[in-house]
Amino acid sequence: MPPKKTKGTAKKSKKKSDGGDELEQKYRRSVLDVAVLKEHLVLRKEAARQAQACGEELKSRMRGLVEELSEEKAEKKDISADLTRQCKSLKTELGVKVHKLETDITTLRDQLAKCQEELKMEKEARVKMEQEKDASISELKSQLKYMEDGYQRILHDSLDSLLAHLAEARLCWTDKSTAIHQEHKELLSSFGLNPLHL
1 MPPKKTKGTA KKSKKKSDGG DELEQKYRRS VLDVAVLKEH LVLRKEAARQ AQACGEELKS
61 RMRGLVEELS EEKAEKKDIS ADLTRQCKSL KTELGVKVHK LETDITTLRD QLAKCQEELK
121 MEKEARVKME QEKDASISEL KSQLKYMEDG YQRILHDSLD SLLAHLAEAR LCWTDKSTAI
181 HQEHKELLSS FGLNPLHL
């Protein structure tokens with residue numbers, strides 16, 4: 001059976017035990033800190049390696065971009081020179097076309113003025129012709145009216161003359177008819193016949 005511990009002994013044992021636990025905890029923390037630091041170091045090395053690789057890649061890309069920029073500048077220069085040449089050529093062609101169009105416009109204006117003058121003369125001639133035609137029609141109408149009136153007078157005179165001749169002939173034939181009737185009556189009476197009974 002172990003000897004009983006007194007209160008003083010128990011307190012000392014407890015203090016020793018608490019001190020040992022504290023050291024152990026500090027040791028464990030140190031170990032954890034070292035592990036954490038190692039991990040941070042590894043991560044920093046990896047980050048540095050990645051940053052270096054990224055820097056090399058960026059440098060490579062930069063060189064490529066510089067080359068592309070140089071090529072684009074050269075291409076733009078060529079394009080600019082070509083566009084300048086085309087622009088000059090187009091200006092020349094446009095100048096020729098403008099000159100031709102101005103010449104055509106002048107010619108067309110002259111033709112238009114000539115056509116307008118001819119149209120004016122033709123209108124005047126047409127108006128004059130219509131006036132002459134109207135005058136001729138009016139004169140012909142007047143002549144026709146005069147002829148109609150003349151023919152009407154001649155017709156009336158002829159009819160009046162014919163009626164007069166007919167009346168005169170009627171009177172003549174009436175007298176002759178009366179004489180013939182009288183002669184026949186007398187002839188019948190000489191034969192003893194009464195003409196009223198016949």
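Counting in full-length UniProt numbering, the sequence shown tops out at residue 198, every number present. Ideal Cβ placement from N, Cα and C applies to all residues, glycine included.
When DSSP states are grouped into helix, strand and coil, residue 192 belongs to the coil group.
CA-CA distance, residue 62 to residue 73, rounds to 16 Å. When only Cα atoms are considered, residue 140 and residue 155 end up about 22 Å apart. Cα atoms of residue 84 and residue 122: separation of roughly 55 Å, rounded to the nearest angstrom.
Pairing residue 118 with residue 138, the inter-Cα distance amounts to about 30 Å. Between residue 161 and residue 135, the alpha-carbon positions lie close to 38 Å from each other.
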